[in-house]
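Quick notes on the structure that follows.
Protein chains: 2
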Amino acid sequence: MEQTEKTEHIIEAAIKRFAHFGVHKTTLTEIADDLGITKQALAYYFPDKQALLEAVEQKIITEFFQLVNEHATAAPNAELSLLSLLEVKKSFFDKYAMLMQQVGPEMLANFSRVAESRKKVQAAVAVHIAQVLEQGIAKGELKPMDTTEVSMVLYETMSAYEHCFVGRQAVPDPHTFSEMCIRQKAVMQLIINGLKAN
Amino acid sequence: MEQTEKTEHIIEAAIKRFAHFGVHKTTLTEIADDLGITKQALAYYFPDKQALLEAVEQKIITEFFQLVNEHATAAPNAELSLLSLLEVKKSFFDKYAMLMQQVGPEMLANFSRVAESRKKVQAAVAVHIAQVLEQGIAKGELKPMDTTEVSMVLYETMSAYEHCFVGRQAVPDPHTFSEMCIRQKAVMQLIINGLKAN
DNA sequence: TTTTGACTTTTAATTTAAAAAAGTCAATAA
DNA sequence: TTATTGACTTTTTTAAATTAAAAGTCAAAA
């Protein structure tokens, strides 16, 4: 088994633990045990926990943007494109529950590089939203607007709901969570209504 | 000095401490000291901390709705009425900083009746918003809509931002806070745009 | 190149002890 | 009877110490 393949296996094992129990609550030894190796062997591929988490996040981020782009190109208009973004987010929350929690003081202290990369993801999503808006304007679906400003507001509002309902708490209970998604969609819809050209 | 007057003095002294240092961090002895009495004397008027906090909250709630109603009747239309609601909220955050924090597990555990009354306030604000929307519809300013649903969304969105920026943390730093208010206003404006009749 | 045993350091969880605050009540004064 | 207090008990917080667990290191070996 070559190195690339091995690191992939490790990342997948890490995701299973991280997504289910949270980064904080899973030990490197547990991940190593799952793979039938020792933590020292694991350390050979990933020098420390943060390095492993970075790789995990990178994989998920790639998956996320791939899905976002697929949905965006498939969407017939800006409105449905933005709503599908919520769907994608929802599916990621379902799939990677404990990895979706917001950046808290703990992550900032222990995993500063990961916290950094989260910021980049946020910025990238905001840029994506802005592009969707611009295409909507170009097609006459939406009124002209300051797309940067509006995309910021849209992104922040979505985040605020996530932060509010899910927060940095443990396992977000399924009912509260799906309620949150419904609410999120409702605000998004109201805002989009105001953006549409008459 | 008669009883009513005395309890008023106590409430005011309590507000000063609560609003500045938070309920949790101020002791009944401190409030009593400020008034030149002992905590036992204070206990004569308010049997426990929760009773005092209830009185404090009641006073502030009354002040809040009075101001809300003044602003609402003074506002020329629904749009400005809703935006002025944000101004009123902002002024209360400025004035009663530490008393404005969201209901957390701690308040729920120690001050259950206060937590209850907070829920009623939330419901009342949502009702107020719904009324403003209905008047806007009646005057032809706004499109017909499910006012209950929309008022819920508006209220929740405002709350989500507060929760997100201010949270249940200590002193919300002034810059972050005023930034929050600007953002809040931006979302509100976007949503209102979508509610307006063409 | 990869893995491990044996190790040190750091961090997290638990316990314990001390301090502070809340709450009680009989007595006392107005 | 109303209001207040001293002296008290109970509960909650805080701080310190202990312990346990996880992270990280490295020379030796496969």
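In order, the protein sequence lines correspond to chains A and B.
When you line the first sequence up against the numbering used here, it's residues 1 to 198, in that order.
When you line the second sequence up against the numbering used here, it's residues 1001 to 1198, in that order.
Glycine included, each C-beta is placed from N, C-alpha and C at the ideal position.
For residue 14 of chain A, the enclosing alpha helix (DSSP H) has its first and last residue at 3-21. Taking a beta-carbon distance threshold of 9 Å, residue 164 of chain A counts as an interface residue toward chain B. For the 9 Å CB-CB criterion, residue 159 of chain A and residue 127 of chain A do not form a contact. Three or more pairs of CB atoms, one per stretch, sit closer than 8 Å, so the segment 1046-1066 of chain B contacts the segment 1111-1125 of chain B. Between the segment 1077-1084 of chain B and the segment 1010-1020 of chain B there are fewer than three C-beta pairs closer than 8 Å, too few to call the two in contact. Going by DSSP, residue 174 of chain A is part of the alpha helix (DSSP H) stretching over 174-195. For residue 102 of chain A, there is no enclosing alpha helix (DSSP H), as DSSP marks it with neither H nor E. Taking 9 Å as the upper bound on Cβ-Cβ separation, chain B lies near no residue of the segment 72-89 of chain A. With contact defined as three or more Cβ pairs closer than 8 Å, the segment 171-187 of chain A and the segment 1007-1016 of chain B are not in contact. For the pair residue 23 of chain A and residue 100 of chain A, the CB atoms are not nearer than the 9 Å cut-off. According to DSSP, residue 1142 of chain B shares a beta bridge with B/1196. Contact between the segment 1088-1098 of chain B and the segment 1064-1077 of chain B is established, with three or more Cβ pairs separated by less than 8 Å. With a 10 Å radius around the Cβ and a threshold of 16 neighbouring Cβ atoms, residue 1047 of chain B comes out exposed. The three-state secondary structure of residue 1166 of chain B, taken from DSSP, is coil. Counting along the chain, the unbroken alpha helix (DSSP H) around residue 94 of chain A starts and ends at 78-96. Under a criterion of Cβ atoms nearer than 9 Å, the residues of chain B adjacent to residue 161 of chain A are, in order, 1156, 1157, 1160 and 1164.
Annotation: Cβ neighbours of residue 1186 of chain B in chain A (cutoff 7 Å, chain order): 153. The Cβ atoms of residue 1195 of chain B and residue 1133 of chain B sit closer than 9 Å to each other. The residues 1010, 1028, 1031 and 1032, in chain order, have a CB closer than 7 Å to that of residue 1042 of chain B in the same chain once the five nearest residues on each side in sequence are set aside. Residue contact with chain A for residue 1150 of chain B: present (Cβ-Cβ distance below 9 Å to some residue of chain A). For residue 1075 of chain B, no alpha helix (DSSP H) encloses it, and the DSSP letter there is neither H nor E. If the five residues before and after residue 103 of chain A are omitted, its C-beta is found closer than 6 Å to the C-beta atoms of 115 and 118, all from its own chain and listed in chain order. Counting only Cβ-Cβ distances below 7 Å, residue 194 of chain A has contacts in chain B at 1190, 1191, 1193 and 1194, in chain order. Interface annotation, residue 118 of chain A: not in contact with chain B, CB-CB separation never under 9 Å. Note that the C-beta distance between residue 1157 of chain B and residue 187 of chain A is below 9 Å. Interface flag for residue 17 of chain A against chain B is unset, since no Cβ pair is found closer than 9 Å.
Distance between residue 1062 of chain B and residue 1121 of chain B, taken at the CA atoms: about 10 Å. Selection B/1143, B/1058, B/1175 and B/1184 evaluated against residue 1163 of chain B yields B/1184 as nearest (Cα-Cα). DSSP, read as helix, strand or coil, puts residue 48 of chain A in coil.
At a beta-carbon threshold of 8 Å, none of the residues of chain B lie near residue 113 of chain A; the nearest stands roughly 24 Å away. Counting every other CB atom within 10 Å of its CB across the protein chains shown gives residue 44 of chain A a total below 16, marking it as exposed. Taking a beta-carbon distance threshold of 9 Å, residue 110 of chain A does not count as an interface residue toward chain B. Look at residue 198 of chain A: its C-beta is under 9 Å from a C-beta on chain B.
When A/25, A/176 and A/129 are compared, the shortest CA-CA separation from residue 149 of chain A is found for A/129. CA-to-CA, the gap between residue 71 of chain A and residue 83 of chain A works out to about 10 Å.
Secondary structure note for residue 37 of chain A: it is in no alpha helix (DSSP H), with a DSSP letter that is neither H nor E.
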